[in-house]
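Engineer: In this text, residue positions in the sequence shown follow our numbering: the first is 163, and each later residue adds one.
The C-beta atom is built at its ideal place from N, Cα and C for all residues, glycine as well.
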Amino acid sequence: MLLGQDNPYTASSIADSLRINANALIREEFKEYTYLSARKSSGKYRRVTTVLNKNGDKFATVVIPYDQFRSVTNIKGNLYDANGKLIRKSKPSDIIDLPYSGNYLQFDDLRYKALNPLVSQYPYTFEVEYEVSYNGSY
C-alpha cells in the first residue's frame, strides 16, 4: 500500500452495483510467466478476493496442482477483515498437500496444494501469492 493511500481492501470501498447478487469479488489478479530456457520456465501468481458471504468462501480457496514437472513454492496468504486490517498471515502448516484423487488418474503423480482462509465473519479479503517452476519440454 502506498503512503497517503486509503486501505485498498476495505469492503466498503466496493461499489454497491458490484455487490448485487455477488458472493465474492476478485479485486486483483496478477500472472507473470518467465521463459528461462527451452526446458524451464516459471510463473508468479497473485490474487486478492473479497468474500461477501458464506456462499463466496469457495472463491477464496486456492488449489494449485503440481507433479514431477511442476513445483510450487513461496505460497503466502494474508487475511483482512472488513475494514482492510490484516488479521492473519498464513503459516506453512496452513497449506494442505494432498494427492489428486480423480477416478481416472489413480496411478498418476498429480498432487495439489491448497490454502483456505477458514473464517466465519463476513466480509473478508484474502490475498494469496505463489510461484510455480516448470521443468520439462513444453
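(1) So Asp-219 is in the beta strand (DSSP E); what residue range does that whole segment cover?
(2) For Arg-208 and Glu-291, which I take to be in contact (beta-carbon distance under 8 angstroms), what is that distance rounded to the nearest angstrom?
(3) Assuming Tyr-274 and Ser-204 form a contact by the criterion Cβ under 8 angstroms, report the distance between their Cβ atoms to the nearest whole angstrom.
(4) Ignore the nearest five residues each way along the sequence and tell me which others in Leu-248's own chain have a CB closer than 7 angstroms to its CB.
(5) Which same chain residues end up closer than 6 angstroms to Asn-245 when comparing Cβ atoms and leaving out the 5 residues on each side of it in sequence?
(6) Could you say which of Val-210, Asn-169, Lys-238 lies nearest to Glu-293 if we only look at CA atoms?
(7) Please name the residue, chosen from Ala-184, Pro-279, Leu-272, Gly-298, that lies closest to Ser-255 on a Cα-to-Cα basis.
(8) Which residue wins for smallest C-alpha separation from Ile-188, given the options Val-210, Tyr-197, Leu-180?
(9) DSSP three-state call for Lys-247: helix, strand or coil?
(10) Is Ile-257 closer than 8 angstroms to Leu-277 when the C-beta atoms are compared?
(11) Taking 8 angstroms as the cut-off, decide whether the C-beta atoms of Ala-186 and Val-213 are in contact.
Structural biologist: According to the structure data:
(1) Note, Asp-219: premise wrong, no beta strand (DSSP E); alpha helix (DSSP H) at 219-222.
(2) 4 angstroms
(3) A Cβ-Cβ distance of about 18 angstroms is found for the pair Tyr-274 and Ser-204, leaving them out of contact under the 8 angstroms criterion.
(4) Asn-240, Tyr-242
(5) Thr-172
(6) Lys-238
(7) Pro-279
(8) Val-210
(9) coil
(10) Between Leu-277 and Ile-257, the gap from beta carbon to beta carbon is short of 8 angstroms.
(11) yes
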